[in-house]
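Step one of this worksheet: look at the structure below.
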Amino acid sequence: MENRNDHRDIWVFLEEFEGQPKQVGCELLGQARRLADEIGQQVGAVIISPDARAALALAHTYGADLAYVVEGEAYRHFNTDAYCEAFAHLCELYRPEVILVGATANGRELASHLAVMLEAGLTADCTALSIDPETAIMSWERPAFGGNLYARICAKTHPQMGTVRPGVMPLPGACPCENMQIVYEDYRPKRVRVRLKEFIRDIEETGMSLQDAEVVISGGRGMKGPENFKMLEELAALLGGTVGCSRSVVEEGWLPASKQVGQTGSSVSPRIYFACGISGAVQHVAGMDRSDAIVAINQDPHAPIFDIADYCIVGDVFEVVPALIEELSPDA
Ligand code: FAD
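This is how it looks when you write it as structure tokens:
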């Protein structure tokens with residue numbers, strides 16, 4: 043889709059789960075506002091849903107100037123064909139300059155398929171976004187070469203598309219747009235090749251999600267085995283948080299991939315992050331260094347995790363964690 047001179051709005055896809063918009067949508071609306079102000083254009087929220095009300099309220103709260111809505115039963119559950127067709131239809135009609143999508147499982151699927159449909163470039167898992175005020179060309183920043191370098195990528199195609207993982211961008215304050223314009227488009231998808239027969243909830247997903255948790259207690263290979271994560275769960279319960287882990291733990295089969303923090307896992311920014319028996323490899327740090335406070339427990343005083351930790355505890359996790367649990371227990 044080559045047409046840089048049409049509209050130059052910055053669009054954000056507001057993904058929903060069970061009728062509720064995901065927080066990454068707010069995070070991206072904050073970025074979209076900043077980018078749109080740089081080029082003197084508007085922020086558009088894209089809502090594809092059986093019932094757009096909750097997402098419209100969020101779009102309004104976080105300052106979208108416009109909301110593009112495609113409503114219908116076809117969109118009750120995420121379906122790549124249906125969502126991409128509807129999204130592409132909106133793009134044909136209203137020609138955005140930039141499209142931002144949360145890098146959730148569904149967001150990644152949507153963005154990559156949509157990019158193919160629109161013959162547009164897509165930069166995945168961006169960690170910083172900027173735009174040239176003159177040309178409106180985006181500079182998408184993302185880790186490259188296993189996290190050892192940061193690459194700045196510009197797309198020659200149009201619209202310019204990128205995904206950003208949940209928790210990477212700060213949550214903006216509310217800034218309601220008093221006269222948000224709502225554009226309803228009636229669109230029924232024509233070529234839906236996959237039909238959802240049953241929705242089976244992942245047991246892990248029923249707990250507090252890593253991205254929403256205010257306290258994350260992560261364990262690494264230093265935890266020695268899956269049975270020892272019980273004490274991290276105990277500590278997490280006392281602090282009202284949840285358990286995460288390094289990739290080594292997932293590779294060992296001790297915890298599921300949904301618990302992995304880092305470049306190829308989740309990005310988190312809790313109020314407190316505990317790294318227990320985690321060395322602090324760059325790929326792990328990329329997913330947690332935006333935490334407000336980092337507490338590291340490691341027996342190796344030279345472990346790289348101590349370079350970014352606010353509180354460094356040189357010691358054995360099997361002594362330090364039980365001591366913390368004892369200290370925090372109500373009956374202590
Ligand atoms: P180790 O590096 O083995 O560290 C274990 C630590 O535990 C050591 O520092 C040791 O001193 C300490 N320890 C041992 N026993 C104790 C004890 N009793 N008490 C206290 N401390 C103890 N990793 C991620 O985590 N997330 C990612 O998303 C990710 N993505 C990657 C992507 C790519 C492309 C690549 C190449 C790698 C990626 N990795 C990722 C892997 C990463 O490079 C590291 O290998 C991994 O993070 C190491 O995990 P770890 O710290 O648990 O294990």
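Taking our numbering, the leading residue of the sequence shown gets 43, the next gets one more, and so forth. Think of the CB as a built atom: it goes at the ideal place given N, C-alpha and C, for glycine as much as any other residue. Computed from a prediction, not measured in an experiment: that's the story for all the values here.
One thing to note: Ser333 has its Cβ no nearer than 8 angstroms to the Cβ of Ser309. No residue range can be given for Thr177, since it is assigned to no beta strand (DSSP E) and is classified by DSSP as neither H nor E.
For the segment 198-240, the continuous beta strand (DSSP E) assignments of 3+ residues that do not extend past its boundaries occur at 202-206 and 223-226, in sequence order.
The Cβ atoms of Gly261 and Cys287 lie closer than 8 angstroms to each other. Ser260 carries a strand assignment under DSSP once its states are collapsed to helix, strand and coil. Between the ligand FAD and the CB of Phe348, the shortest heavy atom gap is not smaller than 7 angstroms. When DSSP states are grouped into helix, strand and coil, Pro343 belongs to the coil group. Here Thr165 is buried: its Cβ has 16 or more other Cβ atoms, across all protein chains shown, within 10 Å.
When the beta-carbon positions are compared, Ala96 and Gln65 stay at least 8 angstroms from each other. Nearest neighbour of Cys168 by Cα position, chosen from Val88, Val158, Tyr192 and Lys272, turns out to be Tyr192. Secondary structure note for Ile195: its beta strand (DSSP E) is the uninterrupted segment Leu191 to Ile195. Look at Tyr353 here: in three-state DSSP terms it is strand.
Apart from the 5 residues on each side of it in sequence, Ala170 sits with its Cβ closer than 7 angstroms to the Cβ of Glu183 in its chain, given in chain order. Across the set Cys126, His326 and Pro138, the C-alpha of His326 shows the shortest separation from the C-alpha of Arg289. In the structure shown, the three-state DSSP call for Thr122 is helix.
Non-local C-beta neighbours of Ala255 in its own chain, meaning closer than 6 angstroms and more than five positions away in sequence, comprise Gly283, Thr284 and Pro312, ordered along the chain. Selection around the ligand FAD by beta-carbon proximity, strictly under 5 angstroms to any non-hydrogen atom, yields Gly188, Gly262, Arg263, Gly264, Ser288, Arg289, Ser290, Gly304, Gln305, Thr306, Gly307, Gly319, Ile320, Ser321, Ala323, Gln325, His326, Asn340, Gln341, Asp342, Ala345, Asp358 and Val359 in chain order. Taking 8 angstroms as the cut-off, the Cβ atoms of Ile90 and Val112 count as close. Per DSSP, the beta-bridge partners of Ala335 are Ile314. A contact between stretches requires three or more CB pairs, one per stretch, nearer than 8 angstroms, and the segment 191-208 fails this requirement with the segment 216-224. Per DSSP, the beta-bridge partners of Gly144 are Val206. If you draw a 10 Å sphere on the C-beta of Ser321, you find 16 or more other C-beta atoms in it, and that means buried. Nearest neighbour of Lys239 by Cα position, chosen from Ala101, Leu132 and Arg118, turns out to be Arg118. One alpha carbon belongs to Val158, the other to Leu135, and they sit about 18 angstroms apart. Judged by beta-carbon spacing, Gly329 lies beyond the 8 angstroms limit of Val291, meaning their Cβ atoms are not closer than that value. In this structure the segment 226-235 lies against the segment 114-131, because at least three pairs of beta carbons, one per stretch, are closer than 8 angstroms. With a minimum length of 3 residues, the unbroken runs of beta strand (DSSP E) contained wholly in the segment 261-325 fall at 284-287 and 314-318.
Check the Cα spacing between Glu57 and each of Gly144, Arg50 and Gly114: the tightest is with Gly144.
Judged by DSSP in its simplified three-state form, Leu252 adopts coil rather than helix or strand.
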